[in-house]
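> To start, I am sharing the structure in question, which I have written as structure tokens.
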Amino acid sequence: MSEVISIFRGPNQPDTDIGDKVQQLEQLLRGAAGEFNSIRLASSLAAEDNILFDVIARLELNIEVFSLNTGRLHAETVAVADQLLAKYGRTVQWITPVQSAVDHYVNTHGKDAFYESVDLRKACCNIRKVEPLARALAGAQAWITGQRQAQAATRTTLPEREIDAARDMIKFNPLAAWSEADVWTYIRQYKVPVNALHFQGFPSIGCEPCTRAVTLGEDIRAGRWWWEDPTSKECGLHSSNLKRANSQ
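FYI, the working numbering numbers position 51 of the sequence shown as 54, with every residue one higher than the one before it.
Here is the structure:
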């Protein structure tokens with residue numbers, strides 16, 4: 004655990020002065036909620052998304068929050084939904100994959116075939132995440148994510164606001180410029196519920212078989228799809244990230 008913490012400090016990050024960033028974050032979310040009649044936060048129930056949930060709840064913003072229950076999530080991730088309900092009196096709406104599509108994939112390729120190739124991994128992500136996201140965003144004018152520039156090689160130029168051309172809608176990344184220390188300072192100051200896996204060396208959390216704790220010398224995204232090249236580590240939810248990375 005000491006080796007994990009030396010790279011991913013998580014709860015042990017030092018405090019930073021986030022006063023201006025919090026004010027800007029609140030202004031951005033207020034503005035987004037005022038600009039669009041239908042805007043939704045896609046929450047992974049990780050630290051960043053829980054911060055956004057906290058702001059939405061505190062400011063009583065008309066922003067819907069959903070989470071993709073892929074059927075392969077850690078129990079610790081699912082438990083965060085109950086923690087949010089206990090603190091705020093509201094929680095995420097669960098969106099699940101089409102069971103017939105899941106069954107066809109498993110019967111054709113095998114339950115864990117995503118380890119065999121990038122194509123099979125992306126096919127699994129498409130069934131369990133991308134298609135459910137499309138349904139979750141149907142009818143919305145804009146959506147919000149908890150992505151940060153420091154999270155991955157594919158996100159270094161991530162803007163706070165962009166056009167999601169694939170879905171023909173506006174996309175907000177309000178925490179794009181936040182550091183890991185900023186995130187954990189906010190969590191401490193506002194007593195935000197946290198996924199227990201963050202305390203076990205998991206900076207980035209996805210499906211259980213595709214996520215592991217990071218180790219000494221690894222970046223914070225190393226635990227996601229660790230058997231793949233870092234430049235391919237997106238599931239399809241954020242295709243614009245790959246396009247930006249490939250154009251560099």
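Positions of the beta carbon are idealized from the N, C-alpha and C atoms, including for glycine.
1. Check for me: the alpha helix (DSSP H) holding L55 runs from which residue to which?
2. Return the Cβ separation of G204 and L55 in integer angstroms, given the expectation that the two are a contact with Cβ distance under 8 Å.
3. Skipping 5 residues on each side, what residues in its chain have a beta carbon closer than 8 Å to that of D115?
4. Should W230 be labelled buried (16 or more other beta-carbon atoms within 10 Å of its own) or exposed?
5. Taking the alpha-carbon of N53 as reference, which of E38, F69, F39 and I42 has the nearest alpha-carbon?
6. Helix, strand or coil: how does DSSP classify I223 here?
7. Looking at S41: is its Cβ nearer than 9 Å to the Cβ of E67?
8. Under a Cβ-count criterion, where at least 16 other Cβ atoms within 10 Å of its own Cβ denotes burial, should A126 be classed as buried or exposed?
9. State yes or no: is the C-beta of V197 within less than 9 Å of the C-beta of V25?
10. Name the two residues that bound the continuous beta strand (DSSP E) containing S182.
11. Rounded to whole angstroms, what is the Cα-Cα separation between P177 and V58?
12. Apply the 10 Å Cβ neighbour rule to Q102 and answer buried if 16 or more other Cβ atoms are within range, or exposed otherwise.
13. With DSSP as the reference, label F202 as helix, strand or coil.
14. Under 7 Å Cβ to Cβ from H112, same chain only, skipping five residues before and after it: list those, please.
15. Enumerated in chain order, which unbroken segments of the beta strand (DSSP E) with a length of 3 residues or greater are wholly contained in the region 105 to 152?
16. Give the DSSP-derived three-state secondary structure of I66 in the structure shown.
In terms of the structure at hand:
1. A50 to R61
2. Going by Cβ atoms, the distance from G204 to L55 rounds to 23 Å, so no, they are not a contact pair.
3. P212
4. exposed
5. F69
6. Here I223 sits in coil by DSSP.
7. yes
8. buried
9. no
10. Run containing S182: none; DSSP gives neither H nor E here.
11. 11 Å
12. exposed
13. Residue state for F202 is assigned as helix, using DSSP reduced to three classes.
14. L123
15. 145 to 147
16. coil
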